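What follows is a single structure, written as structure tokens, with notes after it.
4 protein chains.
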Amino acid sequence: MGQPQEPESAADQDRPALGVGMVGYAFMGAAHSQGWRTVGRVFELPMRPVLAAVCGRDGAAVRGAADRLGWAAAETDWRALIARDDVDLVDICTPGDSHAEIALAALEAGKHVLCEKPLANTVAEAEAMTAAAERARSRGRIAMTGFNYRRLPATAQARRMIAEGRLGTLRHVRVAYLQDWLVDPDFPLTWRLNRDKAGSGALGDLGAHIVDLAQYLAGEELAGVSALTETFVRERPVLDGASAGLSGSGSGERGPVTVDDAAVFTGRFASGALASFEATRFATGRKNALRIELNGSLGSLAFDLERLNELSFHDHTEPAATAGFRRILVTEPDHPYLEGWWPPGHGLGYEHSFVHQARDLVRAIASDTPAEPSFATGLQVQRVLAAVEESAAKNAVYTPVPRA
Amino acid sequence: MGQPQEPESAADQDRPALGVGMVGYAFMGAAHSQGWRTVGRVFELPMRPVLAAVCGRDGAAVRGAADRLGWAAAETDWRALIARDDVDLVDICTPGDSHAEIALAALEAGKHVLCEKPLANTVAEAEAMTAAAERARSRGRIAMTGFNYRRLPATAQARRMIAEGRLGTLRHVRVAYLQDWLVDPDFPLTWRLNRDKAGSGALGDLGAHIVDLAQYLAGEELAGVSALTETFVRERPVLDGASAGLSGSGSGERGPVTVDDAAVFTGRFASGALASFEATRFATGRKNALRIELNGSLGSLAFDLERLNELSFHDHTEPAATAGFRRILVTEPDHPYLEGWWPPGHGLGYEHSFVHQARDLVRAIASDTPAEPSFATGLQVQRVLAAVEESAAKNAVYTPVPRA
Amino acid sequence: MGQPQEPESAADQDRPALGVGMVGYAFMGAAHSQGWRTVGRVFELPMRPVLAAVCGRDGAAVRGAADRLGWAAAETDWRALIARDDVDLVDICTPGDSHAEIALAALEAGKHVLCEKPLANTVAEAEAMTAAAERARSRGRIAMTGFNYRRLPATAQARRMIAEGRLGTLRHVRVAYLQDWLVDPDFPLTWRLNRDKAGSGALGDLGAHIVDLAQYLAGEELAGVSALTETFVRERPVLDGASAGLSGSGSGERGPVTVDDAAVFTGRFASGALASFEATRFATGRKNALRIELNGSLGSLAFDLERLNELSFHDHTEPAATAGFRRILVTEPDHPYLEGWWPPGHGLGYEHSFVHQARDLVRAIASDTPAEPSFATGLQVQRVLAAVEESAAKNAVYTPVPRA
Amino acid sequence: MGQPQEPESAADQDRPALGVGMVGYAFMGAAHSQGWRTVGRVFELPMRPVLAAVCGRDGAAVRGAADRLGWAAAETDWRALIARDDVDLVDICTPGDSHAEIALAALEAGKHVLCEKPLANTVAEAEAMTAAAERARSRGRIAMTGFNYRRLPATAQARRMIAEGRLGTLRHVRVAYLQDWLVDPDFPLTWRLNRDKAGSGALGDLGAHIVDLAQYLAGEELAGVSALTETFVRERPVLDGASAGLSGSGSGERGPVTVDDAAVFTGRFASGALASFEATRFATGRKNALRIELNGSLGSLAFDLERLNELSFHDHTEPAATAGFRRILVTEPDHPYLEGWWPPGHGLGYEHSFVHQARDLVRAIASDTPAEPSFATGLQVQRVLAAVEESAAKNAVYTPVPRA
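Residue numbers (the UniProt record's numbering), protein chains in the order written: chain S, 1 to 404; chain A, 1 to 404; chain R, 1 to 404; chain B, 1 to 404.
Structure representation (structure tokens):
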């Protein structure tokens with residue numbers, strides 16, 4: 001292709017370092033590492049992220065991960081990680097049951113914090129974290145929730161268009177996050193199927209993403225919800241090792257699934273727009289189908305994570321004879337986040353959202369500006385999820401989402 | 001293309017006539033007329049449908065319609081139509097408020113009846129109609145509800161595959177019927193926006209179709225529902241003429257919309273599968289997007305009426321490396337209803353569903369076999385819609401669907 | 001849906017009759033019959049088409065076809081058909097080897113003529129037919145070539161947009177017509193695989209359609225072509241009966257395929273735009289994929305017959321950040337041919353193109369206006385096909401298309 | 001998602017280093033840098049790639065690029081780069097006119113070489129390079145051509161399926177590489193539009209990719225081709241700076257475009273399959289649409305680079321009633337290259353092909369095994385391109401591709 005890319009003259013060493021310490025190094029840890037390693041190679045940044053240390057409980061394993069993922073040091077105690085002088089930012093990639101404790105300690109210690117979603121396993125934890133983040137903010141610290149799907153070029157472009165008024169008055173938001181990795185009844189009982197570790201099932205894992213994305217794109221909050229949840233397969237094979245691999249279990253023992261397999265819920269936005277949501281791990285054949293469509297009086301937008309470089313837009317102000325949903329390839333230089341990447345049509349992948357998240361967080365820290373989604377935003381999503389669970393427990397009755 | 005079609009030797013005149021009398025000649029009447037005119041030209045039938053008479057209140061208009069649509073006679077009183085000796089079957093294409101009265105009279109008079117959906121505007125009416133249909137059945141009369149979307153090759157093929165067990169245990173059914181013809185707040189106040197005439201709004205018009213189609217494909221009934229409904233635009237321009245054209249109104253007067261613009265609801269099937277439904281006339285840019293997806297333990301099926309010659313199928317028994325949703329062009333000779341039409345790949349249109357409906361009804365009458373969807377089926381759909389309205393009136397609480 | 005359709009007041013009997021006599025009643029005959037039967041029911045017409053008589057060699061078979069397809073009379077000699085007083089228009093649906101003789105006789109007898117494509121099996125025949133058509137024109141007779149794919153709403157809408165200048169200067173036209181019904185080497189040796197009957201193979205059958213459609217949409221003619229052709233399976237099972245069914249042959253005998261299975265060719269339009277074409281019956285899995293894309297300096301259009309209610313349009317004058325191919329559902333009242341059909345989103349099928357062809361031809365006859373595509377247009381397409389064959393025979397050398 | 005990723009215990013430092021020296025740091029240099037930086041973080045490798053030095057003519061610019069892209073050192077003379085002891089592999093990312101000289105020197109100096117495509121600007125250069133690579137091979141050196149599109153999971157999966165015989169006898173290969181960045185006649189005269197620098201236009205840039213990919217997937221070579229080429233816009237604005245940015249030129253001066261804007265060609269594979277190709281920078285609205293479809297007697301495969309995580313497959317051995325093109329999301333653990341990345345459905349991007357290219361090259365070097373595509377393969381592609389140009393110059397006459 002034809003567009004040469006000009007080298008920057010910025011001298012890397014002149015910029016202040018931002019030491020990152022990451023807790024957890026499984027799927028999310030690997031994705032965040034890719035973000036931290038890559039962000040400074042692609043974007044002009046006011047600070048220089050340094051992969052200072054990674055933390056995990058098993059010493060040998062965490063040293064292997066540090067080596068493989070590019071972290072300078074390894075720790076086995078997250079308190080030690082937080083205590084390190086070379087760690088300015090604590091990046092929390094653990095299961096939800098440890099988010100609150102780590103985040104509170106890190107903020108207390110004067111660190112910036114990036115915390116994976118869902119922010120916490122309970123509203124109470126999320127409230128404590130938000131309060132701590134607000135206190136820390138007054139001392140110049142930034143706390144951010146890791147709703148990475150806001151940071152795909154297509155979703156960011158959608159938000160831009162909605163903010164510009166291209167949809168007019170919002171009428172409908174329909175969202176689904178469809179996966180199928182639990183269809184097999186012999187898929188093992190991982191931590192994600194354990195309420196004590198994961199908080200909830202598809203709802204917290206997938207539902208948190210779509211509630212955040214829907215509210216972010218809509219530019220408004222859900223007022224209330226009505227929900228049904230279901231656990232289709234109630235017992236699964238127990239894993240041999242602790243949080244071990246997924247190759248199954250020799251024992252034949254089965255244990256209870258204590259989270260939801262699927263949640264379907266409807267809701268109303270503050271403006272009166274109707275919403276419908278579905279989060280499931282039983283949508284056979286759908287691998288990662290986070291789909292959102294918004295219909296407004298002037299137009300509509302649709303997105304599917306399985307085609308993440310595309311955005312579908314219908315402009316209702318066009319004459320009817322030439323109107324239709326257009327497929328925007330969100331790979332143009334004018335699109336969000338694209339300035340650092342490739343020529344038009346050269347698509348990005350899933351993990352680029354973490355590079356972009358790192359970019360935006362570094363810029364917020366450098367400019368001492370609050371970052372979105374803040375912990376307060378993460379808390380509000382938690383309140384929606386709690387209202388969903390409350391409604392599901394009360395025969396689907398419409399349940400308002402408490403306001404902050 | 002290469003496949004010649006052999007002429008039939010059947011002598012048209014040897015088969016008994018089936019005199020059809022149609023009430024109403026607007027959109028549905030035109031579509032049914034096309035069905036009656038065409039069916040005997042495409043399919044081998046045991047009886048010969050004759051377009052005996054059409055009925056409407058305005059004498060000049062109905063004579064024009066008879067002439068244009070191919071009906072031998074015109075009537076201005078539906079009781080006179082029913083009384084005609086040359087009418088064996090009464091085809092009811094009027095708004096829902098007159099279905100019960102006409103159907104009851106026709107069945108009483110010993111006629112077969114085809115009634116457009118929704119079967120009636122209330123459960124009580126539908127119950128009376130069903131009872132009458134059952135009495136008439138004992139006298140050899142057939143009554144059928146016009147859920148024509150069962151009779152597209154793609155939906156019929158889907159039903160066939162589900163009946164063969166290709167989906168395994170059903171987990172999810174997600175259905176939407178999305179249109180956008182009310183987005184413009186100046187679209188006029190037609191009869192479809194008047195509760196007295198139409199019974200309900202998107203729910204009865206579109207929701208009836210998707211509830212029937214979902215239950216038909218799933219092969220089971222909904223056990224209960226939880227619903228939200230909304231009327232986004234509460235006043236619209238009054239039409240000048242009676243049932244006049246849509247070109248708007250000169251007076252500037254506005255009247256109240258007394259039906260729902262949209263309904264979103266969730267539900268549980270008898271087997272425990274989760275369902276989500278959406279019926280709306282405010283999905284900007286979606287013209288006729290009746291979409292249904294069913295996920296089961298062995299596979300999934302998906303359909304979109306905007307691409308009505310296609311069926312999407314995922315076979316979960318395939319190795320993961322080569323599995324995926326396949327787009328079946330439902331235009332092969334082996335597909336339902338295709339024996340009479342064109343070579344592979346030569347797609348059919350919307351109105352072909354009425355040709356197929358006519359085919360199946362004629363065959364049922366000729367063989368004195370009950371036809372599906374029966375009035376009892378139409379009644380059960382009505383009960384679902386009533387439960388939806390009841391739930392919507394009761395803060396979305398989960399509302400069981402009464403069993404027959 | 002909401003748009004009622006007003007009845008016409010036109011009294012059918014006041015309009016003059018147009019007696020149609022059709023020769024051939026296989027696939028094309030059935031499709032044309034559907035067109036003639038339906039056109040007056042859907043569109044306001046200045047004349048009233050009457051299905052006067054159909055002609056075929058086998059008396060019993062043609063009587064059966066007349067009965068089934070709705071023709072008033074049956075003839076076994078096409079000369080007798082032409083001679084009938086109640087036949088004003090001769091509709092030729094036979095294989096290509098008889099087109100010239102029938103058309104010349106019909107024109108000579110003062111009849112209007114509709115002739116299926118390809119117009120003839122040789123350029124010489126097509127020249128004679130065109131000359132005869134021009135002579136007949138001076139006596140008020142209309143001759144038309146049956147390139148029905150011009151008459152889908154989507155292709156007609158594409159032509160309209162191109163005529164309005166929405167594509168700017170044309171750069172590329174890429175066209176393919178992909179079918180797969182010959183992939184099986186045991187598919188029998190039908191008349192379409194016999195050069196004497198069919199003239200050529202995929203080239204004449206499919207290539208004729210795409211050459212016409214490409215030139216029609218482009219609004220200009222091909223200047224020259226370079227071609228390769230191939231017959232992949234050179235012998236096939238001989239059919240038992242004469243022009244019999246396709247259920248195969250008991251004898252096991254195989255005979256030579258004397259036409260091409262596939263043709264790929266490139267070309268230049270008069271304006272300098274580059275073109276590429278492919279016509280094949282060996283595109284496994286493609287059933288009826290007539291695909292055309294045109295790229296111009298201001299925009300692009302794309303169409304696929306397998307999704308015949310859709311047109312894809314890219315408007316290059318849009319800002320890059322919101323531009324993309326939009327999927328126009330060509331089912332709006334403003335779209336060509338849609339005034340007589342259904343509300344938005346209710347798609348049409350393949351055979352509607354024949355209804356539209358009938359409409360346009362009746363109007364041309366009633367207004368004594370030349371109809372397009374004329375025989376001259378059919379001849380020009382024939383010249384392109386001949387240039388393709390000449391190039392294929394001469395090692396693909398670029399071969400100019402002779403101008404009229 | 002549910003699949004945790006186990007850390008490796010491999011100690012990074014135990015593996016031998018592979019010093020990489022890269023020449024050129026524009027678009028391709030940035031993409032290759034991302035590959036080299038990332039490959040060891042994602043895949044288990046037998047050697048440890050070290051980004052030793054990058055080379056460019058402008059000292060300040062190359063130092064900036066080294067800093068930004070992560071190279072330890074910067075050189076301004078490629079001969080000095082080759083001479084460095086810490087460089088084991090020379091990665092050539094310059095325009096085509098310097099490939100031969102650099103590659104020959106690097107091989108002569110005992111280095112491994114990775115050379116961007118097209119391998120050279122002339123067949124003679126490519127022959128010299130291939131001969132040098134073969135000599136170097138005997139000394140244990142590896143030379144590879146950078147046809148990165150072989151290394152997307154979807155294309156690699158396609159090759160795997162074809163090698164397994166899933167397509168049967170190949171009948172058709174249709175390929176296009178459609179871009180639109182030259183549609184604007186004021187797009188400036190970059191080096192890619194200069195024959196002296198780029199060798200050819202769309203043909204060498206895009207055509208080289210599709211010729212390689214088609215032959216790779218087909219598993220066989222083109223026997224001959226017939227071609228048309230065109231330069232639609234013959235003069236463009238001269239750039240002010242040397243190889244400067246694209247923001248246009250103040251001078252208003254225009255210079256001649258000396259390469260093709262587009263090439264359309266047909267061909268025959270050795271087996272008799274027909275092929276059609278199109279390479280263009282004038283396909284308005286198509287950004288990076290590298291599309292390939294292969295039809296065989298048992299099935300078909302299709303791919304579009306604009307949806308790079310998907311592969312479309314039709315299995316013709318399925319019953320017709322359930323057959324269709326399936327969309328395989330090539331994101332499963334069983335798919336090529338996926339072992340190191342994310343859970344199912346989490347798509348990759350364009351630049352991942354360079355990570356995979358690096359992986360395969362490092363493994364080839366470590367195991368002293370020839371790497372594909374070799375320089376011989378690059379030369380064969382060059383011969384096809386030369387035959388295309390020869391045919392285009394000779395009125396499209398079918399031109400055999402010389403065999404090695």
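The beta carbon of each residue, even a glycine, is placed where N, CA and C say it ideally should be.
Because the structure is a prediction, the values reported are computed rather than measured.
Proximity of residue i and residue j at Cβ, strictly below 8 Å
| i | j | result |
| --- | --- | --- |
| R/VAL401 | R/VAL225 | yes |
| residue 476 of chain R | R/LEU311 | The structure shown does not extend to residue 476 of chain R, since chain R spans only 1 to 404, so no value can be given for it. |
| B/ASP67 | B/MET22 | no |
| A/VAL183 | S/HIS316 | yes |
| R/GLU221 | R/ALA156 | no |
| A/LEU170 | A/GLY296 | yes |
| B/ARG254 | B/GLU235 | yes |
| A/LEU69 | A/SER98 | no |
| R/GLY204 | R/GLN357 | no |
| B/CYS93 | B/GLU108 | no |
| R/GLY349 | R/THR331 | no |
| B/TRP191 | B/ARG281 | no |
Counterpart residues of residue i in DSSP-defined beta bridges
| i | result |
| --- | --- |
| R/MET47 | DSSP lists no partner for R/MET47. |
| S/GLY59 | Looking at the DSSP assignment, S/GLY59 forms no beta bridge with any residue, so it has no partner. |
| A/HIS205 | With the sequence shown as reference, residue 205 of chain A is identified as Asp, and His is not the correct amino acid for it. In DSSP, A/ASP205 forms no bridge with anything. |
| R/CYS115 | R/ILE92 and R/THR145 |
| S/ASP315 | S/GLY299 |
| R/GLY267 | R/VAL225 and R/ALA275 |
| A/ILE328 | A/LEU311 |
| R/GLU75 | R/CYS55 |
CB-CB length for residue i against residue j, believed under 8 Å
| i | j | result |
| --- | --- | --- |
| A/VAL62 | A/ALA74 | 4 Å |
| B/ALA31 | B/PHE354 | 5 Å |
| R/ALA52 | R/ARG84 | 7 Å |
| S/ARG166 | S/GLY299 | 5 Å |
Query raised in the report: Three or more C-beta pairs closer than 8 Å, one from the stretch 185-205 of chain S and one from the stretch 115-124 of chain S: is that the case here?
Result: yes
Query raised in the report: Between the stretch 252-279 of chain R and chain D, which residues of the former have a C-beta closer than 9 Å to a C-beta of the latter?
Result: Of the protein chains in the structure, S, A, R and B, none is chain D.
**Report entry** Three-pair Cβ contact test at 8 Å for the stretch 387-401 of chain B versus the stretch 130-140 of chain B
**Finding:** no
Query raised in the report: Okay, do the stretch 348-366 of chain A and the stretch 36-50 of chain A touch, 3+ Cβ pairs below 8 Å being the bar?
Result: yes
Query - Sequence ranges, beta strand (DSSP E) only - wholly within the stretch 158-221 of chain S, length at least 3 - result: 170-178
Query raised in the report: Hey, which unbroken runs of the alpha helix (DSSP H) at 4 residues or more fall wholly within the stretch 340-404 of chain A?
Result: 352-367 and 375-393
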